[in-house]
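What follows is a short report on a single structure.
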Amino acid sequence: MLPVEHNDPINEKILAISEDKIEGFVGEPFHEIAERSGVGADVVMARIAAMLRAGTIRRVRQTLLATNLADGALVAWKVAEEKIDTAFKFMFQCDPFSGHVVLRSTDTLTAGSDYKL
17 MLPVEHNDPI NEKILAISED KIEGFVGEPF HEIAERSGVG ADVVMARIAA MLRAGTIRRV
77 RQTLLATNLA DGALVAWKVA EEKIDTAFKF MFQCDPFSGH VVLRSTDTLT AGSDYKL
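This is the structure we're talking about:
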């Protein structure tokens, strides 16, 4: 069984990077954590999964912090078509930082139309 305590030396290295040191969205976040922490990518993924199952960490996600965006910032999301309704409902009902969430049924397929505002 893998250690799941936040103060385990390897978990500390992983959490130190994953909690505060990665800015923006990273294509391969687990590999980025591995590179910066000096812990192998397989170990990073296994440890994060174990801590998640144990409740040491609540969730794994990349997040835009609204407090770090400019006032009135406009953000576009690229969401798979089959997930768009779920994403919309979450943003509309649960995200306290989203003031205006719109899906337009009249949008046509054009360059960039797979991004939603």
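Take 17 as the starting number for the sequence shown in the working numbering and just add one per residue. By construction, the Cβ of each residue, glycine as well, lies at the ideal position given by its N, Cα and C atoms.
{"Asked": "Can you confirm whether the segment 25–35 touches the segment 55–73 when touching is taken to mean that 3 or more C-beta pairs between the two stretches lie within less than 8 Å?", "Found": "yes"}
{"Asked": "How many Å lie between MET61 and ALA127 at the Cα?", "Found": "35 Å"}
{"Asked": "Take the Cβ of ALA96 as the centre, count every other Cβ of all protein chains shown within 10 Å, and call the residue buried at 16 or more, exposed below.", "Found": "exposed"}
{"Asked": "Go ahead and pull the three-state DSSP assignment for LYS29.", "Found": "helix"}
{"Asked": "Spatial neighbours of GLY43 within its chain, please: C-beta separation below 7 Å, excluding the five flanking residues on both sides.", "Found": "none"}
{"Asked": "Are there 16 or more other CB atoms within 10 angstroms of the CB of ASN23, so buried, or fewer, so exposed?", "Found": "exposed"}
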